[in-house]
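Participant:
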Amino acid sequence: MYNHKMKKCDIIIIGGGAAGMMAGISASRKEGAVLIVEKNLKLGRKVLATGNGRCNVTNRYVDKSHYCDASPDFVEKVLSHFDQHKVMKFFENLGVLLKEEDNGRIFPRTNQAETIVNALTEELAAKKVQIILSNPVRHLIKEKNLFQVKLQNSEEFLADKIILTTGGKASEQYGATGDGYAWAENFGHHITTLYPALVPLETNDRWPKAIQGLKIEARVSVTISERVLAEKSGDVLFTHYGLSGLAVLALAGKAAPFLTKHKVNVHLDLFPEETYENLDRKIAKIFDLKGKKSVKNSLAGMTPSNFIPIFLNNLLINPDKKAAEISKKERLKIADGFKNIVLSVSRVRPFKEAQVTAGGVDTKEVNPETMESKIVPGLYLAGEILDVNADSGGYNLQWAWSSGHLAGVSALK
Ligand SMILES: Cc1cc2nc3c(=O)[nH]c(=O)nc-3n(C[C@H](O)[C@H](O)[C@H](O)COP(=O)(O)OP(=O)(O)OC[C@H]3O[C@@H](n4cnc5c(N)ncnc54)[C@H](O)[C@@H]3O)c2cc1C
1 MYNHKMKKCD IIIIGGGAAG MMAGISASRK EGAVLIVEKN LKLGRKVLAT
51 GNGRCNVTNR YVDKSHYCDA SPDFVEKVLS HFDQHKVMKF FENLGVLLKE
101 EDNGRIFPRT NQAETIVNAL TEELAAKKVQ IILSNPVRHL IKEKNLFQVK
151 LQNSEEFLAD KIILTTGGKA SEQYGATGDG YAWAENFGHH ITTLYPALVP
201 LETNDRWPKA IQGLKIEARV SVTISERVLA EKSGDVLFTH YGLSGLAVLA
251 LAGKAAPFLT KHKVNVHLDL FPEETYENLD RKIAKIFDLK GKKSVKNSLA
301 GMTPSNFIPI FLNNLLINPD KKAAEISKKE RLKIADGFKN IVLSVSRVRP
351 FKEAQVTAGG VDTKEVNPET MESKIVPGLY LAGEILDVNA DSGGYNLQWA
401 WSSGHLAGVS ALK
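Count the sequence shown with the UniProt record's numbering and you get residues 1 to 413, in order.
1. Output yes or no for whether 9 Å exceeds the beta carbon distance between L140 and I14.
2. Could you give the residue range of the alpha helix (DSSP H) that holds D336?
3. At what residue ranges does the region 230 to 315 contain a whole run of the alpha helix (DSSP H), taking only runs of 4 or more?
4. For L268, which residues of its own chain have a beta-carbon under 7 Å away from its beta-carbon, when the five flanking residues on both sides are left out?
5. Whole angstroms is fine: what's the gap from A182's alpha carbon to L194's?
6. Please state whether DSSP places H81 in a helix, a strand or coil.
7. Answer yes or no: do P319 and K296 have a C-beta to C-beta separation smaller than 9 Å?
8. Could you tell me the distance, in whole angstroms, from the CA atom of G175 to the CA atom of T203?
9. Smallest Cα separation from Q84: which of S71, L98, T303?
10. Could you check which residue in I11, V361, S298 has the C-alpha nearest to that of A407?
11. Between the beta-carbon of Y67 and the beta-carbon of V75, is there less than 9 Å?
12. Of all the options L124, A125, K321, V96, which has the alpha carbon lying nearest to the alpha carbon of A113?
13. Which same chain residues, not among the five before or five after G178, have their C-beta less than 6 Å away from its C-beta?
14. Could you tell me the distance, in whole angstroms, from the CA atom of T166 to the CA atom of I385?
15. Consult DSSP for Q212 and reduce its assignment to one of helix, strand or coil.
16. I'd like to know whether the C-beta atoms of L251 and K232 end up nearer to each other than 9 Å.
17. Using the Cα positions of S71 and K290, report the straight-line distance between them to the nearest angstrom.
18. Among N265, K7, S154, R54, whose alpha-carbon lies nearest the alpha-carbon of L397?
19. Answer yes if the region 369 to 389 comes into contact with the region 208 to 217, meaning at least three C-beta pairs across the two stretches below 8 Å, and no otherwise.
20. Is any heavy atom of ligand 1 found at a distance shorter than 8 Å from the C-beta of A323?
21. Using 8 Å as the threshold, is the region 127 to 143 in touch with the region 30 to 38, meaning 3 or more CB pairs across them?
22. Is C9 near ligand 1, with its Cβ less than 8 Å from a heavy atom?
23. Within the present structure, is the beta-carbon of residue 417 separated from the nearest heavy atom of ligand 1 by less than 8 Å?
24. Taking all protein chains shown into account, decide if T275 is buried (16 or more other Cβ within 10 angstroms of its Cβ) or exposed.
25. Looking at the unbroken beta strand (DSSP E) that takes in R138, where does it start and where does it end?
26. Given that a residue counts as buried once 16 or more other Cβ atoms are within 10 Å of its Cβ, and exposed if not, what is R349?
27. At the level of alpha carbons, what is the spacing between N59 and S65?
28. Can the beta-carbon of V149 be found closer than 9 Å to that of L201?
29. Considering only their Cβ atoms, is the gap separating L133 from M22 smaller than 9 Å?
30. Let me confirm a value: T102 is counted as buried when at least 16 other C-beta atoms fall within 10 Å, else exposed. Which label applies?
31. Between the C-alpha atoms of R331 and P108, what's the straight-line distance to the nearest angstrom?
32. May I have the straight-line CA-CA distance separating N145 from K161, to the nearest angstrom?
33. Could you round the C-beta distance between L79 and Y380 to whole angstroms and report it? I think they count as a contact, below 8 Å.
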C-alpha cells in the first residue's frame, strides 16, 4: 500500500559502490531526481581498498576474453557502451591523472584510491544526486508501476525505476553482503551458484605453514583427475593455510565449483622455462661443482634457500646429505619435484577473503543494450551482482563502470 508520506524519486540506486556511483552520475539530469542509498558511512568503501589502496581502475587491454561466467557476447555488448578508453577519458575530464603500469594496468597517478572515490563523489554532488548514507535498504518491492524502498530507519521512498548495484558477497567488511540477490530472486530472477573468486586456496598439505610468507615465481596449474582446468604464471605465496599470491588467486575461481565432488590438485612448476632433461643437467652440474656441500646448500642458488629443506624433506631426501652422495634416482626426483610440486586443495578461503564473487544474477535475464531486467520493467542491474567476474588487473572495476554507466543512461530515458 502506498503511503502519502512516502517521498518520490525518478530513480533510486541501491548501493553506492563503483557501479552505483557511476550509474548515479550517468542518470542524473535534474536536481533530486536520482537518489543513491548506501549502507556504509561513505560511498565507494570497497573501491578505496582496491589495488592495495591504489585502485587499479581499468586496463588498457580490456576485452571479453578476460571475463567469465556470462556469455562473451553479453559482456562485449555491455563493455562497448563505455569501454576502457571512455573510462580513462571520463576520469581525466574529472581532473584525475592516470598512469599505466605493467600488463596495461591503469592507476590514478596519485597512487591513491581516494582520488577516484573523491572525484566520483564530487561529480555526484555537481550533478545534484541525493545521497543517503549509513542506512541500508531493508525492503524492495514493486506494486503496480512503482517500486517501494524501505530503509533501516523506516523511511520509505517510491521510485519509477531502480538500479540495483549492491555488489556481490566478497569482502563483506567493505559493505557488500549479497542483499541484492534476495530481492532479485523475489522478482523472479535466477541466481547462479555463488563462489568466492580471486581468493586463496587451503591445502590438505600442511608444509606451506613452515615457510609461510615466502613468495616464489611458478607456473601454476589446477587439475581434477589429471585434467588441467586452468594454468597461470606468476607469484605464489605460501601461507599458514596453504597458497595465495596472484597466480593462485587467479585460478581459485576455476577450482571452486569442483571442490565438493572432485579431488582438486594444484601443481607448481618452478622452472617452466626449462625442460625436465635440461633442468636435470643443470642440477647434475651443480652437484659436480658442489659435491662436498650438503644437498640443501648446493641447491640454494636455484630457489629461495629456506624453501629447499622443506622441498627435500617432502621428497624423502635428507637435506644434510652430501651432494656427491645423491643417487641418480634421487637427482631425477629433485628435477621432477621442481617441475611438479603437487598440493591437494581442501577448499577455497571464505568470501571474506575474496576479491570478487563468481556467480550472480543470470545475465540471460538482463538486456545487454540497457541493463534492464527482462523480467521486471524498470529494474536495472549493474556491477558484481551480475553473474560476471573477471581476471585481476582492473577488469572487475571496468565491468562496474561499464555496466553502471549503461544502467544509468538507460534508466534516464
Ligand atoms: C581487496 C579488494 C581489492 C580489489 N582490487 C581491485 C582492483 O584493483 N581492480 C579491480 O578492477 N577490481 C578490484 N576489486 C574488485 C572490485 O572492487 C569490485 O569488482 C567492484 O567494487 C564491484 O563494484 P560494485 O559496485 O558492483 O560493488 P561494490 O563496489 O561492492 O558496491 C556495492 C555497494 O552496495 C552497498 N550495499 C550493499 N547492500 C546494501 C543495502 N542493503 N543497502 C544499501 N547499500 C548496500 C555496499 O555497502 C557497497 O558500497 C577488488 C576487490 C577487493 C575486495
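Virtual Cβ for every residue (Gly too), placed ideally from N, Cα, C.
Facilitator: Walking through what the data contain:
1. As a position in the sequence shown, residue 140 is number 140, starting the count at 1. As a position in the sequence shown, residue 14 is number 14, starting the count at 1. With respect to the 9 Å criterion, L140 and I14 are classified as neighbours on the basis of their beta carbons.
2. Counting from one through the sequence shown, the residue named residue 336 turns up at place 336. Start and end: 328 to 339.
3. The region 230 to 315 contains these whole alpha helix (DSSP H) runs: 246 to 255, 276 to 289, 295 to 298, 307 to 314.
4. Residue numbering aside, residue 268 sits at position 268 when the sequence shown is read from its first letter. The answer, listed in chain order, is A218, V220, V236, I341.
5. Numbered from 1 along the sequence shown, position 182 holds the residue referred to as residue 182. Numbered from 1 along the sequence shown, position 194 holds the residue referred to as residue 194. For the pair A182 and L194, the Cα-to-Cα distance works out to about 13 Å.
6. Translated into the one-based positions of the sequence shown, residue 81 becomes position 81. Residue state for H81 is assigned as helix, using DSSP reduced to three classes.
7. In the sequence shown, counting from the first residue as 1, residue 319 sits at position 319. In the sequence shown, counting from the first residue as 1, residue 296 sits at position 296. A contact, by the Cβ cut-off of 9 Å.
8. Along the sequence shown, read from residue 1 onward, the residue named residue 175 stands at position 175. Along the sequence shown, read from residue 1 onward, the residue named residue 203 stands at position 203. Roughly 29 Å between the two C-alpha positions.
9. For the purposes of this step, residue 84 is identified with residue 84 of the sequence shown, where counting begins at 1. In this structure, L98 is the residue among S71, L98, T303 with its C-alpha nearest to the C-alpha of Q84.
10. On the sequence shown, residue 407 is found 407 positions in, with the first residue counted as 1. For the options I11, V361, S298, the alpha carbon positioned closest to that of A407 is the one of I11.
11. Along the sequence shown, one-based indexing puts residue 67 at 67. Along the sequence shown, one-based indexing puts residue 75 at 75. With respect to the 9 Å criterion, Y67 and V75 are classified as neighbours on the basis of their beta carbons.
12. As a first step, residue 113 must be located in the sequence shown, where it is residue number 113. Per the C-alpha coordinates, the member of L124, A125, K321, V96 positioned closest to A113 is V96.
13. Numbered from 1 along the sequence shown, position 178 holds the residue referred to as residue 178. These residues qualify, in order along the chain: K169.
14. For the purposes of this step, residue 166 is identified with residue 166 of the sequence shown, where counting begins at 1. For the purposes of this step, residue 385 is identified with residue 385 of the sequence shown, where counting begins at 1. Here the alpha carbons of I385 and T166 stand approximately 6 Å from one another.
15. On the sequence shown, position 212 is the one that residue 212 refers to. In the three-state reduction of the DSSP assignment, Q212 falls in the coil class.
16. Within the sequence shown, residue 251 is the residue found at index 251, counting from 1. Within the sequence shown, residue 232 is the residue found at index 232, counting from 1. The beta carbons of L251 and K232 sit closer together than 9 Å.
17. Reading the sequence shown from its first residue, position 71 is the one you call residue 71. Reading the sequence shown from its first residue, position 290 is the one you call residue 290. Rounded to whole angstroms, S71 to K290 spans 56 Å at the Cα level.
18. As a first step, residue 397 is located in the sequence shown; it is residue number 397 there, counting from the start. The residue from N265, K7, S154, R54 with its alpha-carbon nearest to that of L397 is R54.
19. Fewer than three Cβ pairs drawn from the region 208 to 217 and the region 369 to 389 lie within less than 8 Å of each other, which leaves the two stretches out of contact.
20. Sequence index remark: in the sequence shown, residue 323 carries index 323 (1-based). No; taking the cut-off as 8 Å, the Cβ of A323 has no heavy atom of ligand 1 nearer than that.
21. Yes: the two stretches touch, three or more of their Cβ pairs being nearer than 8 Å.
22. On the sequence shown, residue 9 is found 9 positions in, with the first residue counted as 1. With a threshold of 8 Å, the Cβ atom of C9 does not count as near ligand 1, since no heavy atom of the ligand is closer than that.
23. Because the chain here runs from 1 to 413, residue 417 falls outside it and cannot be looked at.
24. In the sequence shown, residue 275 corresponds to position 275, counting from 1. By the 10 Å Cβ count, T275 comes out exposed.
25. Reading the sequence shown from its first residue, position 138 is the one you call residue 138. Start and end: 137 to 143.
26. Walking along the sequence shown from the start, residue 349 turns up at place 349. In this structure R349 is buried. Its beta-carbon is surrounded by 16 or more other beta-carbon atoms within 10 angstroms.
27. Within the sequence shown, numbered from 1, the residue matching residue 59 stands at position 59. Within the sequence shown, numbered from 1, the residue matching residue 65 stands at position 65. If you take the alpha carbons of N59 and S65, they lie about 13 Å apart.
28. Residue 149 sits at position 149 when you count from the first residue of the sequence shown. Residue 201 sits at position 201 when you count from the first residue of the sequence shown. The answer is no: Cβ separation not under 9 Å.
29. Position 22 of the sequence shown, counted from the first residue, corresponds to residue 22. Position 133 of the sequence shown, counted from the first residue, corresponds to residue 133. Cβ atoms of M22 and L133: not closer than 9 Å.
30. Translated into the one-based positions of the sequence shown, residue 102 becomes position 102. What sits at residue 102 in the sequence shown is Asp, not Thr. Looking at its Cβ environment, which holds fewer than 16 other Cβ atoms inside 10 Å, D102 is exposed.
31. Reading the sequence shown from its first residue, position 331 is the one you call residue 331. Reading the sequence shown from its first residue, position 108 is the one you call residue 108. R331 and P108: Cα-Cα distance of roughly 49 Å.
32. Here residue 145 corresponds to residue number 145 of the sequence shown, with the count starting at 1. Here residue 161 corresponds to residue number 161 of the sequence shown, with the count starting at 1. Going by the C-alpha atoms only, they are around 9 Å apart.
33. The residue you call residue 79 lines up with position 79 of the sequence shown. The residue you call residue 380 lines up with position 380 of the sequence shown. The C-beta distance from L79 to Y380 rounds to 17 Å, too long to fall under 8 Å, and the pair is not in contact.
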